[in-house]
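Protein sequence lines correspond, in order, to chains L and F.
Take the first sequence: its letter number 159 is residue 159 in my numbering, and every next letter is one higher.
Take the second sequence: its letter number 111 is residue 111 in my numbering, and every next letter is one higher.
Built from N, CA and C at the ideal position, the CB exists for glycine as well.
Here the structure comes first, spelled out in structure tokens, and everything after it is commentary.
Protein chains: 2
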Amino acid sequence: MKQEYTFIVDRTPSYVRIQEELPSFAGICADFQGLNGAVGRVLLVCDTNTAAIARKILGKEERPRCVLPAGETAKTWASVEAILRAGQEAGLGRDGLFIGVGGGVVSDLTAFAASIYMRGASLCLVSTSLLGMVDAAVGGKTGFDLGGLKNLAGTFYPAPLIYMPLDSLVSLPPPEWKSGMGELIKTAILDDTGALLGQLRLLGSDPLDGMDPAGRERLFVAIAGSVGIKGRIVEADPRETGAERMRLNLGHTFAHALESAAGLGQVSHGEAVAWGLVCACELGYALGLTPLDRVEAIDGLLRDRSYETRVPHPFLTAPGKLEAFMRALDGDKKKKAGDLRFIVPLAKGVTAVSAKDIAADLVERIMRGEH
Amino acid sequence: MKQEYTFIVDRTPSYVRIQEELPSFAGICADFQGLNGAVGRVLLVCDTNTAAIARKILGKEERPRCVLPAGETAKTWASVEAILRAGQEAGLGRDGLFIGVGGGVVSDLTAFAASIYMRGASLCLVSTSLLGMVDAAVGGKTGFDLGGLKNLAGTFYPAPLIYMPLDSLVSLPPPEWKSGMGELIKTAILDDTGALLGQLRLLGSDPLDGMDPAGRERLFVAIAGSVGIKGRIVEADPRETGAERMRLNLGHTFAHALESAAGLGQVSHGEAVAWGLVCACELGYALGLTPLDRVEAIDGLLRDRSYETRVPHPFLTAPGKLEAFMRALDGDKKKKAGDLRFIVPLAKGVTAVSAKDIAADLVERIMRGEH
């Protein structure tokens, strides 16, 4: 199985290879040379979880590696600086190539570091987690957390070459699996055609190593479908200046506020997104936009896969937590200026609702479970 | 006196106002609104030297300010983080406006912080030093120093609105004046028409407060001329991918290596550039490209203004310093990969010489004063 896409993001072609096996180091260099003409010195970036995968990619090649601590709590400037210094020590020039081997955090950090190294070096991503494949690797958003806010600092820097090797999912821990599946469900819901949602229903919730060949193929089709949907949305609105890319934020306004209020890294991104989908459904239903059967279908899909669907979220029932959540929501509001929009599901696809058209206390009442 | 330019840098219009007085806060907001339609929340960024100027701009307006330590040694991530956190505390959203009030360091830091704040916020620069006006403010290069290397990290992020108020030069300390004049001389040398060089010869070397109205006007004309030359070069080659923008690096390969070897902040940027011009002349002469009368004219101009023109530079005669210089030059080589070129003066204008076409030890021999 192999699926290849080329998306044009901000005039930059981004070539995506979804395939069975890990790419080899020689294969990456050959592909990159084919796309960009030349490869300078190379630095591999991974985390403690993906160091073994990076080693497999290298095989007998000896190349400098930068190994970061794993997890969302490592998504800091200290990690970015570690990458930049490793690049400098490895003698990378402006034509140097940063290869990020890992999930969403490694992808975001490596891409950010490459985007500012000597004002922009070369970049390749090997996405090794389900969340990374369906979320971080495609679309050019890079960044890290600062001052308790997710991705307060970042750039737009689409990777020209991205691999998504299914084999790297074999060792994926179940929580990361669940996290990725949350984003996959989100993408399926915002897709107007409903095709991906149908494919997802056929999908088991086991990690890859428990899958038979047919299940593996269904997963492949779902990942490829999700990447295709996201890529086309990003092509249409690369810097989220229009209405198109905003749709990808379905569930994310609630998810980011939950992640911040719970403490970054306490709830995985995809699980927060899954919970955010429930909130988006409740809000859409209260506004008369999301039909009850759609609410129930989404709720059922999430409950079947053991996502937290309770509102208020158990993390927010402790003293002060709901207030922290509302403050974080307010921070998101500022982030998007007067322009905050909630994305809510329709019978098919989604729509955006301006916060101005929602009663000021409706969201808080929903969060309190009073609605 | 007033001169206005609009340069199109990387599809982004950059509007430059060279004028007598400091702009007022209300004036800045009105100008920005005229260009961009709306102004969100605002953060003023300055350093301990320009805090008084920032206060004058604000007048009776109360707005949040971020005051950085002054000087090249503050051109670090810590300063960038201080700006980002101040922006967050001041509640700036994606439409927030960062106003950098200061010389080259404040310009570079504020522009870098704005470029990564929520993946790109709004930016205005009030350039208050001669070096800032003729160098940092125009052209979109942002960055900070890391691992002992100048601007190892940075982005391209042209400011859409830039003020250059002559009045801010009144209190400029003489060393900063000399630093700015070094860049001004460089720009005059690379200009094929020779017009700016003629204007510079008429210019006194006093700080602004010692100038009569005629001297002040000559300075105005020289700054405007320099900004015009740089702006047109940057328009033609915004990201230094072609041969055009490279010309601006006249003297800089040597200057950056001197700054690094001497320790960042030990030699001012413009004085290092002036010394780099001497080196470029010696190299060009050794290669038979720079005529002797041109070498002598540039040397004379620099000596008249008391720049260090001795080769080897006194900073490089201490044990180990020349080796550090050659290593830094090698780092610059890596930065530009196989593509390092030295810019050397011709009878008029300049030309680029590939390092490959220069005997390996020629540069080192010149640096030792053995040539």
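Practice item. Say yes only if the C-beta of F:V105 is nearer than 8 Å to one or more non-hydrogen atoms of the ligand FMN, and no if none qualify. Key: In terms of ligand content, the structure shown is empty, and the ligand FMN therefore cannot be addressed.
Check your understanding: Does the beta carbon of L:M246 come closer than 9 Å to any beta carbon on chain F?
Key -> no
Review point. Secondary structure at L:Y157, three-state DSSP: helix, strand or coil?
Key: Looking at L:Y157 - three-state DSSP - the assignment turns out to be coil, as it is neither helix nor strand.
Review point. Are L:V234 and L:G100 close, meaning C-beta to C-beta below 9 Å?
Key: no
Review point. So what's L:T317 in DSSP terms, helix, strand or just coil?
Key: coil
Practice item. Find the nearest neighbour of L:M211 within the set L:L166, L:K186, L:A195, L:R245, judged by alpha-carbon distance. Key: Answer by Cα proximity: L:L166.
Check your understanding: Quick check: the region 274-291 of chain F against the region 222-230 of chain F, are there 3 or more CB pairs under 8 Å?
Key -> no
Exercise for review: Kindly give me the distance between the Cβ atoms of F:I57 and F:V105, rounded to whole angstroms, as I take these residues to be in contact under 8 Å.
Suggested key: Not confirmed; about 18 Å, so no contact.
Check your understanding: Based on Cα-Cα distance, which residue from F:E308, F:P291, F:D304, F:L322 lies nearest to F:A347?
Key -> The shortest Cα separation from F:A347 among F:E308, F:P291, F:D304, F:L322 belongs to F:P291.
Practice item. Quick one: using the 10 Å Cβ neighbour count with 16 as the cut-off for buried, is F:L375 buried or exposed? Key: With chain F covering 1 to 371 only, the question about residue 375 of chain F has no answer from this structure.
Point to revise | Validate contact between the region 342-358 of chain L and the region 30-46 of chain F using beta carbons, cut 8 Å, 3 pairs | key: no
Check your understanding: Using a Cβ-Cβ distance under 9 Å, would F:E259 count as near chain L?
Key -> no
Check your understanding: L:E81 versus chain F: which residues are under 8 Å apart at the beta carbon?
Key -> W77, L146
Point to revise | Distance between F:V9 and F:R427 (C-alpha atoms, nearest Å) | key: The structure shown does not extend to residue 427 of chain F, since chain F is modelled only from 1 through 371, so no value can be given for it.
Practice item. Alpha carbon to alpha carbon, how far is F:L340 from F:E61? Give it in angstroms, no decimals. Key: 49 Å
Exercise for review: Quick one: grab the DSSP three-state call for F:M164.
Suggested key: strand
Review point. Listing by chain order, which chain F residues have their CB less than 9 Å from the CB of L:F156?
Key: R119, G120
Exercise for review: Give a yes or no on whether 9 Å exceeds the smallest Cβ distance from L:K375 to chain F.
Suggested key: The displayed coordinates of chain L run from 1 to 371. Any statement about residue 375 of chain L would go beyond what the structure contains.
Check your understanding: Quick check: the region 113-120 of chain F against the region 75-95 of chain F, are there 3 or more CB pairs under 8 Å?
Key -> yes
Exercise for review: Look at F:G251 and F:K186 and say whether their C-beta atoms are less than 9 Å apart.
Suggested key: yes
Review point. Residue range of the alpha helix (DSSP H) that F:G198 falls in?
Key: 195-201
Exercise for review: Please classify L:V363: is it buried, with 16 or more other beta-carbons within 10 angstroms of its beta-carbon, or exposed?
Suggested key: buried
**Study point:** Burial state of F:P174 (16 or more Cβ within 10 Å)
**Key:** By the 16-neighbour rule on beta-carbons within 10 angstroms, F:P174 is exposed.
Exercise for review: Would you list the one or two residues that DSSP bridges to F:L287?
Suggested key: For F:L287, which the question treats as bridged, DSSP gives no partner whatsoever.
Check your understanding: Tell me, which residues are paired with L:A373 by DSSP?
Key -> With chain L covering 1 to 371 only, the question about residue 373 of chain L has no answer from this structure.
Point to revise | F:S14 in three-state terms, based on DSSP | key: strand
Check your understanding: Is the CB-CB distance between L:I162 and L:V16 below 9 Å?
Key -> Cβ atoms of L:I162 and L:V16: closer than 9 Å.
Practice item. Name the two residues that bound the continuous beta strand (DSSP E) containing L:K2. Key: Segment 2-9, the beta strand (DSSP E) holding L:K2.
Practice item. Report the option in L:G143, L:T128, L:A153 whose CA atom is closest to the CA atom of L:L169. Key: Checking every option, the nearest Cα to that of L:L169 belongs to L:T128.
Point to revise | Contact residues within the region 217-244 of chain F, judged by C-beta distance below 7 Å to chain L | key: Taking 7 Å as the cut-off between beta carbons, none of the residues of the region 217-244 of chain F comes near chain L.
Review point. Between the region 42-71 of chain L and chain F, which residues of the former have CB atoms less than 9 Å from a CB of the latter, in chain order?
Key: none
Check your understanding: Should F:G288 go down as buried or exposed, given a rule of 16 or more other Cβ atoms within 10 Å for buried?
Key -> By the 10 Å Cβ count, F:G288 comes out exposed.
Exercise for review: Would you mind reading off the limits of the beta strand (DSSP E) that contains L:D47?
Suggested key: 42-47
Review point. Would DSSP call F:S107 helix, strand or coil?
Key: helix
**Study point:** Three-state secondary structure (DSSP) of L:D212
**Key:** coil
Review point. Looking only at DSSP bridge pairs, what is F:V134 linked to?
Key: Paired residues: none, contrary to the question.
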